[in-house]
Each structure stands twice: as C-alpha cells, then as structure tokens.
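Novice: Mind having a look at this structure? Questions to follow.
Protein chains: 2
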Amino acid sequence: MDYSKYFSADVPSFLRSPVREIFRKVDLSAICSFAGGYPAAVTFPLADIPGLAEKVLGRYGTKALQYGATQGVPELREVIAKRYGVPVSQVQITTSSQQGIDVCSRVFLDPGDVVLAENPVYLGALQSFRAYRARVQEISAVSARHSEHASCHSERSEESPVKFIYVIPDFNNPSGKTMTLQERQEIVRIARELDCLIVEDSPYRELRYSGEPVTTIRELAPERTLQLGSFSKIFAPGFRLGWIIGPEELLEQIYICKQCLDLCPPVFDQYLAAEFMGSGMLDANLQKSIAEYRRRRDLMVSLLEKYMPAGVSWTDPEGGLFLWLTLPPALDTVALYDKALSAGVAYVAGSFFYTDGSHRNTMRLNFSFVDEAKMEPGIKLLAALVREAAAAADATADATADAAAAAAEGGR
Amino acid sequence: MDYSKYFSADVPSFLRSPVREIFRKVDLSAICSFAGGYPAAVTFPLADIPGLAEKVLGRYGTKALQYGATQGVPELREVIAKRYGVPVSQVQITTSSQQGIDVCSRVFLDPGDVVLAENPVYLGALQSFRAYRARVQEISAVSARHSEHASCHSERSEESPVKFIYVIPDFNNPSGKTMTLQERQEIVRIARELDCLIVEDSPYRELRYSGEPVTTIRELAPERTLQLGSFSKIFAPGFRLGWIIGPEELLEQIYICKQCLDLCPPVFDQYLAAEFMGSGMLDANLQKSIAEYRRRRDLMVSLLEKYMPAGVSWTDPEGGLFLWLTLPPALDTVALYDKALSAGVAYVAGSFFYTDGSHRNTMRLNFSFVDEAKMEPGIKLLAALVREAAAAADATADATADAAAAAAEGGR
Numbered sequence: 471m472d473y474s475k476y477f478s479a480d481v482p483s484f485l486r487s488p489v490r491e492i493f494r495k496v497d498l499s500a501i502c503s504f505a506g507g508y509p510a511a512v513t514f515p516l517a518d519i520p521g522l523a524e525k526v527l528g529r530y531g532t533k534a535l536q537y538g539a540t541q542g543v544p545e546l547r548e549v550i551a552k553r554y555g556v557p558v559s560q561v562q563i564t565t566s567s568q569q570g571i572d573v574c575s576r577v578f579l580d581p582g583d584v585v586l587a588e589n590p591v592y593l594g595a596l597q598s599f600r601a602y603r604a605r606v607q608e609i610s611a612v613s614a615r616h617s618e619h620a621s622c623h624s625e626r627s628e629e630s631p632v633k634f635i636y637v638i639p640d641f642n643n644p645s646g647k648t649m650t651l652q653e654r655q656e657i658v659r660i661a662r663e664l665d666c667l668i669v670e671d672s673p674y675r676e677l678r679y680s681g682e683p684v685t686t687i688r689e690l691a692p693e694r695t696l697q698l699g700s701f702s703k704i705f706a707p708g709f710r711l712g713w714i715i716g717p718e719e720l721l722e723q724i725y726i727c728k729q730c731l732d733l734c735p736p737v738f739d740q741y742l743a744a745e746f747m748g749s750g751m752l753d754a755n756l757q758k759s760i761a762e763y764r765r766r767r768d769l770m771v772s773l774l775e776k777y778m779p780a781g782v783s784w785t786d787p788e789g790g791l792f793l794w795l796t797l798p799p800a801l802d803t804v805a806l807y808d809k810a811l812s813a814g815v816a817y818v819a820g821s822f823f824y825t826d827g828s829h830r831n832t833m834r835l836n837f838s839f840v841d842e843a844k845m846e847p848g849i850k851l852l853a854a855l856v857r858e859a860a861a862a863a864d865a866t867a868d869a870t871a872d873a874a875a876a877a878a879e880g881g882r
Numbered sequence: 471m472d473y474s475k476y477f478s479a480d481v482p483s484f485l486r487s488p489v490r491e492i493f494r495k496v497d498l499s500a501i502c503s504f505a506g507g508y509p510a511a512v513t514f515p516l517a518d519i520p521g522l523a524e525k526v527l528g529r530y531g532t533k534a535l536q537y538g539a540t541q542g543v544p545e546l547r548e549v550i551a552k553r554y555g556v557p558v559s560q561v562q563i564t565t566s567s568q569q570g571i572d573v574c575s576r577v578f579l580d581p582g583d584v585v586l587a588e589n590p591v592y593l594g595a596l597q598s599f600r601a602y603r604a605r606v607q608e609i610s611a612v613s614a615r616h617s618e619h620a621s622c623h624s625e626r627s628e629e630s631p632v633k634f635i636y637v638i639p640d641f642n643n644p645s646g647k648t649m650t651l652q653e654r655q656e657i658v659r660i661a662r663e664l665d666c667l668i669v670e671d672s673p674y675r676e677l678r679y680s681g682e683p684v685t686t687i688r689e690l691a692p693e694r695t696l697q698l699g700s701f702s703k704i705f706a707p708g709f710r711l712g713w714i715i716g717p718e719e720l721l722e723q724i725y726i727c728k729q730c731l732d733l734c735p736p737v738f739d740q741y742l743a744a745e746f747m748g749s750g751m752l753d754a755n756l757q758k759s760i761a762e763y764r765r766r767r768d769l770m771v772s773l774l775e776k777y778m779p780a781g782v783s784w785t786d787p788e789g790g791l792f793l794w795l796t797l798p799p800a801l802d803t804v805a806l807y808d809k810a811l812s813a814g815v816a817y818v819a820g821s822f823f824y825t826d827g828s829h830r831n832t833m834r835l836n837f838s839f840v841d842e843a844k845m846e847p848g849i850k851l852l853a854a855l856v857r858e859a860a861a862a863a864d865a866t867a868d869a870t871a872d873a874a875a876a877a878a879e880g881g882r
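Note that the protein sequences, when read in sequence, are chains Z and L. The working numbering puts the first sequence at residues 471 to 882. The working numbering puts the second sequence at residues 471 to 882.
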C-alpha cells in the first residue's frame, strides 16, 4: 500500500536526527561514544528517588496520579518562579524543553517565516523549525567578536518576516561557546530593530564549571523573550520536564496550544521535581554534577592537547556538555564517520548542525556521557584517525601539486 | 506591547477547551461536578506505586532516569504488542493519547483537509484538528441505525481530500455510544471507498461493564488504521502515557515527528507502566475499576430515572465514563450552565461537542469522578433545574400561543 499521499505537505521537510539515528543503529555501550548529548548517569539522584516518591505520594496521594493543570502543577511553577525571580503567572511547565521549542514553533511559525539562529545550531531546534517549513538563517551577531562589527544577516526578503531569534547563549550545543554580555545585548538590539521575539534556549545554564555567569537575554529583554529551561541536566532526562518563562500574553496562546499537545505535563514527575528543587536537594546534587563534569571537561581537553596533531583546534567550554573540534580544512568528518564507528569511536559530524551542511571539517564531542576510563583510548583512536586522514589529504594535495607542476612543465 | 502579529496563522483557529476552562475557574471539589472526564481516584493503584518504583529502579537503575528511545522503551512496547497481538514494530509509545491525536494531525493534515468524524465528537480531537485548520465534517455511518441507510456525508469538495476518519467506537466520549460491528464495517467501507486512513481512538475499550466486546476497526482494516490507546483509564492519567498501533510505514513518519515533539516519552513512567501491565497487576486492578464504574453507572442511571421529568432521555452506556442527556428541544444547556454552577452542579453543554455548535438541548454527564455520596443530591439538583427551565419554556410557549390566539382573534 502506498501511504505517501496521506501525508501532510510538511512531512517532506521532516528531518531525521542523525544523532538519534546513530543510537538506533549502533550499540553505543560497546564503543566509545562522544556522539550523544546524554548527561552522566552518575549525576542522577538515583538513591533519592524512592524517598522523593514516598514523600510525594504521602503528601498528594492520588492527586499525584490524576490529570493536572495544563500550565503545570502550582507547586512546581512556584519553585521555578522563586528560583528565577519571576511571577508564577510567567511560568509554563512543558513536557521536556524540546516541547518548549516545538510549541514555540507551532504558535509562531508559518511556512516561509524566518528564524534567525546561530550557526551551528542545535539539531532538535533545526528539526522543529524545518518541520514547520520555516527558513533558518544565520545571525552573525555571535561571530561579531571575530569580525569586529555585528550586523544582522541581510538575505531576508520583506515577505518573510523574522518571527524570532533562536539562541543558546550559555555553553551552546553544539559549539560549547558562551555569549558575552555584549553579544547578548546585540541580540536584543537586533530583535528590537526587527521587532521580533527571542527564544532563549537555556538547558545548560546551571552547569558552569569556570568563569562568571553572564546576564540572561530574558533579563535584558523580558518583554520579548521566551526562556526555555530543562530538568534534564539538573535532575534527570527520564522525567521529560522543562519550562518556559515569558510574557503572560505569549504563554496564554502556548497554554491553549498545549491543551492539544498532551493536556498536561506528567503529574507525578512534576511533583518529584518540585520536591527535588524546592527542598534544596537539587542544589546539593548540582554541586556534585558540576564537579564531575568539570573533571571530565578538563580530562578531555588535556587528552586533545596530548594526542591531536597540529592543525586541529577546539573550544574550551566554560560549562555544558560539548566541545567543538575543527580539523584542517581538507578533512571531512562525514566521510570519516563510518571508519571511526568501525574502529570503535563515535562523534557527530559538525556539518549536521549547519543549516547549509557546510563546515565538513568539524565535529561535536560530548564529554559528559562517556566513561572516564574510555576517554583516553577514545581520543587516542580519534587522533590516530585524524592523523591518518590528514596524511592521506596531504598525499592527495602533493599529488595534485605534482600533477599541476607536471602540467605546467608540459605547457612550457 | 501588541503580540498579535507574532502569532502563526493557525493561532486564530486554536480553540479553548470549555472543559479545561471550567477547571481553571471553579473549585470543582466544592460542588458536584459531572463535567470532567477524570477517572475515579480510587481506581488508581496508589499503594502499588512505591513497590513498582523500587522494582523499576532495582532492575534498570539509572537507565530509568536517562533519555530513552523515541519509539518508547522496548519493555513497554513488548507488553503492549503481546496484549493486543501485534508485532512490536507496530507499536509507538506516545506521551498521552492526546499526543497520539496531535501527532496524527501533524503528520497527515494540511489547512483545508477534511477529517470525517462522528457528531458529537471528542473535544480534544476537535481542538487538534481545528488547530491545523482542517475541516471536520460529520460522518453519518454512525447514525445509520436510525436512518436505515449509511452513507458518507456529501458536502466534501474535490479540492479538500479526506485524510482520515476519526472515531471512538467503544463508549464514545461524549455520547457514551458503542458502534455495532455493522457500523464499524461501514466505517471501513467508507474509508476504502474514499481511500483514506482511520484513526480509531480507543481510550475506554477496556472499561466494559456490560454486553460483549465488538471487533475493533484496526482488526477489520489493519492496513489503514491507527489505533490510539491510553494508560490514563487503566493505570493513571498522571503518567501521561499512551500508544499508537498501526502500519510501520505510517509509524515511521510519526516517529520522526515525535523526535521534534519531545524526543521520547517519560522513561521512568514507561518502566512503571511496563511492570504494571506485564506483571498482571493491571488486569487485577482493571477488574476492581470495572466493578467500581459499573456501580456508578447503574447508580446514575437509576437516579436519572428517579428524578428527571418526562421528556428527558439518556444513553445507558456499556462502558466508559459518560452518559449523554437529551432535554426537551426548547431547553438550552449553555444558557442553563451559570445557574447550575451557582446552584452547585456542573456538566458540559452538549453543543460544545458539535462541530456546528448545535444540539443546545444536550449535555454530557460524567459518572466516574464524582463521589457517590454527591451523586444523588447532584442529580436531584440538576433535575430541579431542568424541571424549572422546562416550566419556564412551557410558559413562554403558552404565552406565545396565547399571543398568537389573541392575534388571530384580533384579526378575526
């Protein structure tokens, strides 16, 4: 039976996540994977869960198992509001911060609309924007520190309004970069100039290992910013909980939309999260997670320094879960991938995160999930592959140069 | 700040749920509410949850707190596949069966497309179809038993393809009706004739209190049916878990779409559900729930018989959570609603479930959620309001008749 004719016109724009496809096909536990974006299992408060569950069931009884409010249970909205210094009315709970991205796409985007984003951009966001047939264009404010002048990309046509700017200002996925205050102010300036909204995706903000926190974009422009938060990296991703902080007028439409999406977020999990955050357990656990991740980041950076050949560079992130690696321009991480997988090491090719599929000499490396014991052999293996590919590229370049020289001689 | 210009062209089609709006404004615990669609809290396996949680955490450890597969955890897909006699590859877990409806809308519907549905239709489905700007048209197969001939509604234009037929064949929400085998065969015949899909929404099927199960539409037409299941009425709605059973080619696109929606369903909750269903605890609990609900249904029917005036009729459902009440044609349940709320009783006006807002003399009554002790005073109160409204309508009719007679006399 041919099912193609039943599908919506959006379906051809659906983009498979190359990261999730890797998980689907390869048993990552058997190899050294720097591919995923998973938090370290040791950071999960496993031992606390039975006690939390008991407390929640004792306090709320069957209410914890019943349907709940579409906005989220009041107890969770209250602890989030308190933690981030906003009124409860400006907090909407989401069933994961991916749902936060999707509901923003659903409420704001029409086919042909433009989203301005950093390049490279988080894949889950790119998937969501594309699935609504929006066009994702690069915002160059972030690269301003290199070019010394910040300006909005000028390819937009008048018929395609920019609905919002999408950014991960803290410890970007995939690049690992953190925006300076000046860059954030520049994002706000552009948003005000274009009169568009800002979606500030903030899943890693609490995971800072060095340096000082920078003011959030929401604080700079609360009137036009929807800030997405997540419990996945500060509690556990298995609970699928996130939140949106934003102006009430925008949350009102998101609330109505969310009725269609899933009626309400998981109720039992919300009470667990409220208890975990409200009781101070979250902060205690966060301190341990930060120490753990700082050690892993430092280990990966030192291993890259030890093993990677000249011509390879990487970001040294102040937080989050990712490093961004740039190889010599002649190398191709997409082409290298199958070889790496066979050798027993996985990464995500950087070009997947570029709206135009460029930057094929880059890759994203995750340092949070892989066992520390596997990290050294993994990086060593990856470095050997890079070295080998670089040598092959040099040989090709030499052969090309020889051929060119021969051709030049023949022409003389 | 005026936010209206940022919204998608879909937003004006977003429909607030009148049911959820009632919950938002009124403390239902203070009154007698027949309005919601909540299952009875006494049916939740509250005492089993700590043991289930312990088992899950002991068996899966941090895996239960980590991200999971987009299709759902294999353990849950397997128990569902086994229970319903389908291959695991034909099972996709959803974050609530409302998400099942939404993802089907997202994957199949474009603005202007037609969904054929029973009238009255489940509000959450109507909200979702309308939010994608699809047109919902009545399928008359269901009313065939009255008209003695079944045919597809003929208002469709050639430019608006029917993408799917949406039905709740077992214990319909809101009508409480169950389709006969002939009606189900007729749905399949129409779907094959129009060459469209069928979304068989099946959240209540396991809650049968009398009569014999009828073959599902999925069994009649597996090649074109997506059957939606839910844990909300057989486990607990607070976990937000459902599933879709359908052809692999359709589930494949739903899987890609679901990556954007929330990456994966709640993992911890899925393991709890898998253990609950797989261990036989679900079936034991279901027997208790069925006995409980049967008693409540019988009580409500007997109370309606006892208190309702002549001219009021109702369905006597074989299962599910709802009764459908029809008042004399002159009465208006929308107009009556505020009075009822002030008097201390809530229901949902039937016209909210009609695509054209008609049938203002009907209402949906839920018999699962309200305390049994409140049921008699609640129905008594409602009957008094109906009686009063009927008397007022009769008086108006008499006055109109008198005026007509007077006018006739005057004209003589």
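For every residue, glycine included, the Cβ atom is placed at its ideal position computed from N, Cα and C. Every value quoted in this text rests on a predicted model; they were computed, and no experiment measured them.
List, in chain order, every chain Z residue whose beta-carbon is nearer than 7 Å to that of Ile715 of chain L.
Specialist: What you label residue 715 of chain L is simply residue 245 of the second sequence in a count that begins at 1. Residues of chain Z passing the Cβ test: none, with the nearest at roughly 16 Å.
Novice: Establish whether the CB of Met747 of chain L and some CB of chain Z are separated by less than 9 Å.
Specialist: For this step, residue 747 of chain L is matched to residue 277 along the second sequence. No, Met747 of chain L does not count as interfacial toward chain Z.
Novice: State the beta-bridge partners of Val585 of chain Z as determined by DSSP.
Specialist: Taking the first residue of the first sequence as position 1, residue 585 of chain Z is located at position 115. Note: Val585 of chain Z sits in a beta bridge opposite Z:Val606, Z:Phe634.
Novice: In three-state DSSP terms, what is Asn836 of chain L?
Specialist: Counting from 1 along the second sequence, the entry for residue 836 of chain L is found at position 366. Strand, per DSSP.
Novice: Can you check whether the C-beta of Met471 of chain L is within less than 9 Å of a C-beta belonging to chain Z?
Specialist: Numbered from 1 along the second sequence, position 1 holds the residue referred to as residue 471 of chain L. Yes, contact with chain Z.
Novice: Strictly under 9 Å for the Cβ-Cβ distance: is Cys502 of chain Z near chain L by that measure?
Specialist: On the first sequence, residue 502 of chain Z is found 32 positions in, with the first residue counted as 1. With 9 Å as the cut-off, Cys502 of chain Z does not count as an interface residue toward chain L.
Novice: Which of helix, strand or coil does DSSP assign to Glu618 of chain Z?
Specialist: On the first sequence, residue 618 of chain Z is found 148 positions in, with the first residue counted as 1. Low per-residue confidence applies at Glu618 of chain Z: pLDDT is 39, beneath 50, and the placement is therefore not dependable, though the value from the model is reported in the following sentence. Three-state DSSP puts Glu618 of chain Z in coil, outside helix and strand.
Novice: Got a sec? Which residues, its chain only, sit under 8 Å from Pro779 of chain L by beta carbon, not counting five neighbours each side?
Specialist: The sequence position of residue 779 of chain L within the second sequence is 309, counting from 1. Excluding residues within five positions, the ones whose Cβ falls inside 8 Å are Ala853, Val856, Arg857, Ala860.
Novice: Please state the DSSP three-state secondary structure of Glu682 of chain L.
Specialist: On the second sequence, residue 682 of chain L is found 212 positions in, with the first residue counted as 1. Reduced to three states, the DSSP call for Glu682 of chain L is coil.
Novice: For Phe822 of chain L, which residues of its own chain have a beta-carbon under 7 Å away from its beta-carbon, when the five flanking residues on both sides are left out?
Specialist: On the second sequence, residue 822 of chain L is found 352 positions in, with the first residue counted as 1. Closer than 7 Å at the Cβ level, and outside the excluded window around Phe822 of chain L, lie Pro488, Leu593.
Novice: Note down, in chain order, every chain L residue with its Cβ under 8 Å from the Cβ of Leu720 of chain Z.
Specialist: As a position in the first sequence, residue 720 of chain Z is number 250, starting the count at 1. The answer, in chain order, is Tyr473, Tyr476.
Novice: Go ahead and label Ser598 of chain L buried or exposed: buried means 16 or more other beta carbons lie within 10 angstroms of its beta carbon, across all protein chains shown.
Specialist: Counting from 1 along the second sequence, the entry for residue 598 of chain L is found at position 128. It is buried - the Cβ of Ser598 of chain L has at least 16 other Cβ atoms within 10 Å.
Novice: Give every residue of the same chain whose Cβ lies closer than 7 Å to the Cβ of Phe641 of chain Z, excluding the five residues on either side of it in the sequence, and list them in chain order.
Specialist: Taking the first residue of the first sequence as 1, we reach residue 641 of chain Z at position 171. Excluding sequence neighbours, Phe641 of chain Z sits near Thr648, Tyr674, Leu677, Pro787, Glu788, Gly789, Gly790.
Novice: Determine the extent of the beta strand (DSSP E) in which Thr564 of chain Z is found, giving its start and end residues.
Specialist: What you label residue 564 of chain Z is simply residue 94 of the first sequence in a count that begins at 1. 561-564 is the extent of the beta strand (DSSP E) around Thr564 of chain Z.
Novice: Starting from Phe578 of chain Z, follow the alpha helix (DSSP H) in both directions and report where the run begins and ends.
Specialist: Position 108 of the first sequence holds residue 578 of chain Z. Element bounds for Phe578 of chain Z: 567-578.
Novice: Going by the CB atoms, is the gap between Ile609 of chain Z and Ile563 of chain Z shorter than 9 Å?
Specialist: Translated into positions along the first sequence, residue 563 of chain Z becomes position 93. Translated into positions along the first sequence, residue 609 of chain Z becomes position 139. It is not a contact, given that the beta carbons lie outside the stated cut-off.
Novice: Kindly indicate which three-state DSSP category Phe514 of chain L falls into: helix, strand or coil?
Specialist: The count along the second sequence starts at 1 and reaches residue 514 of chain L at position 44. In the structure shown, Phe514 of chain L sits in coil (DSSP, three-state: anything other than H, G, I, E or B).
Novice: Output needed for Lys844 of chain L: all residues of its chain with C-beta closer than 6 Å, excluding positions within five of it in sequence on either side, in chain order.
Specialist: The residue given as residue 844 of chain L occupies position 374 in the second sequence. Once the five neighbours on either side are set aside, the close Cβ partners of Lys844 of chain L are Cys502.
Novice: Specify, as a first and last residue, the run of the beta strand (DSSP E) that Ile668 of chain L falls within.
Specialist: Taking the second sequence and counting its residues from 1, one reaches residue 668 of chain L at position 198. Where Ile668 of chain L is concerned, the enclosing beta strand (DSSP E) stretches over 667-671.
Novice: Check whether the Cβ of Met833 of chain Z sits closer than 8 Å to any heavy atom of the ligand MN, and report yes or no.
Specialist: For the structure depicted, the ligand MN is absent and the ligand set is empty, with no information on it obtainable.
Novice: Using a beta-carbon distance below 9 Å, is Glu693 of chain L in contact with chain Z?
Specialist: As a working mapping, residue 693 of chain L is identified with position 223 in the second sequence. Judged by the 9 Å Cβ criterion, Glu693 of chain L is in contact with chain Z.
Novice: Just to confirm the assignment: which complete alpha helix (DSSP H) runs, minimum length 4, are found wholly within the region 734-793 of chain L?
Specialist: Counting whole runs of 4 or more residues, the region 734-793 of chain L contains the alpha helix (DSSP H) stretches 737-748, 751-777.
Novice: With a threshold of 9 Å between beta carbons, is Ile571 of chain L in contact with chain Z?
Specialist: Taking the first residue of the second sequence as 1, we reach residue 571 of chain L at position 101. Yes, Ile571 of chain L lies at the interface with chain Z (some Cβ there is under 9 Å from its Cβ).
Novice: Does Asp732 of chain Z come within less than 9 Å of chain L when only Cβ atoms are used?
Specialist: Here residue 732 of chain Z is taken as the residue at index 262 of the first sequence, counted from 1. Cβ-Cβ to chain L under 9 Å: yes for Asp732 of chain Z.
Novice: In whole angstroms, give me the CA-to-CA distance for Ile724 of chain L and Val632 of chain L.
Specialist: Walking along the second sequence from the start, residue 724 of chain L turns up at place 254. Walking along the second sequence from the start, residue 632 of chain L turns up at place 162. The alpha-carbon atoms of Ile724 of chain L and Val632 of chain L are separated by roughly 19 Å.
Novice: DSSP three-state label for Ala854 of chain Z, please.
Specialist: Reading the first sequence from its first residue, position 384 is the one you call residue 854 of chain Z. Helix at Ala854 of chain Z.
Novice: Contact check, Gln729 of chain Z vs Thr540 of chain Z under 8 Å by CB: the rounded distance?
Specialist: The count along the first sequence starts at 1 and reaches residue 729 of chain Z at position 259. The count along the first sequence starts at 1 and reaches residue 540 of chain Z at position 70. Confirmed, Cβ separation roughly 5 Å.
Novice: Which ranges would you report for the beta strand (DSSP E) in the region 683-722 of chain Z if only whole runs of at least 3 residues count?
Specialist: Runs found: 695-700, 712-715.
Novice: Who are the neighbours of Lys633 of chain Z on chain L, taking C-beta pairs under 7 Å?
Specialist: Here the question's residue 633 of chain Z lines up with position 163 in the first sequence. Ordered by position in chain L, the residues that pass the 7 Å Cβ test against Lys633 of chain Z are Tyr476.
Novice: With three or more beta-carbon pairs closer than 8 Å as the criterion, would you say the region 860-875 of chain Z touches the region 825-841 of chain Z?
Specialist: Output reads no: the region 825-841 of chain Z does not touch the region 860-875 of chain Z.
Novice: State the DSSP-derived secondary structure class of Ser613 of chain Z, mapped to helix, strand or coil.
Specialist: In the first sequence, counting from the first residue as 1, residue 613 of chain Z sits at position 143. Residue placement at Ser613 of chain Z is flagged as unreliable, the pLDDT there being 44, under the threshold of 50; a coordinate-derived value is accordingly withheld.
Novice: Leaving out five residues before and five after Pro735 of chain Z in sequence, what residues of the same chain have Cβ atoms less than 7 Å from its Cβ?
Specialist: Here residue 735 of chain Z is taken as the residue at index 265 of the first sequence, counted from 1. Excluding sequence neighbours, Pro735 of chain Z sits near Gly542, Ile563, Thr564, Thr565, Leu711.
Novice: How should Leu651 of chain Z be labelled, buried or exposed, when 16 other C-beta atoms within 10 angstroms of its C-beta is the threshold for buried?
Specialist: Here residue 651 of chain Z refers to the residue found at position 181 of the first sequence. So Leu651 of chain Z ends up on the exposed side.
Novice: Using the Cβ count rule (16 or more neighbours within 10 Å means buried), how would you classify Glu693 of chain Z?
Specialist: Along the first sequence, read from residue 1 onward, the residue named residue 693 of chain Z stands at position 223. Burial call: exposed.
Novice: With 16 as the cutoff for other CB atoms within 10 Å, does Ser702 of chain Z come out buried or exposed?
Specialist: As a working note, residue 702 of chain Z is residue 232 in the first sequence. Classification for Ser702 of chain Z: buried.
Novice: From the beta carbon of Leu516 of chain L, is the nearest beta carbon of chain Z less than 9 Å away?
Specialist: Here residue 516 of chain L refers to the residue found at position 46 when the second sequence is read from its first residue. True, the Cβ-Cβ gap to chain Z drops below 9 Å.
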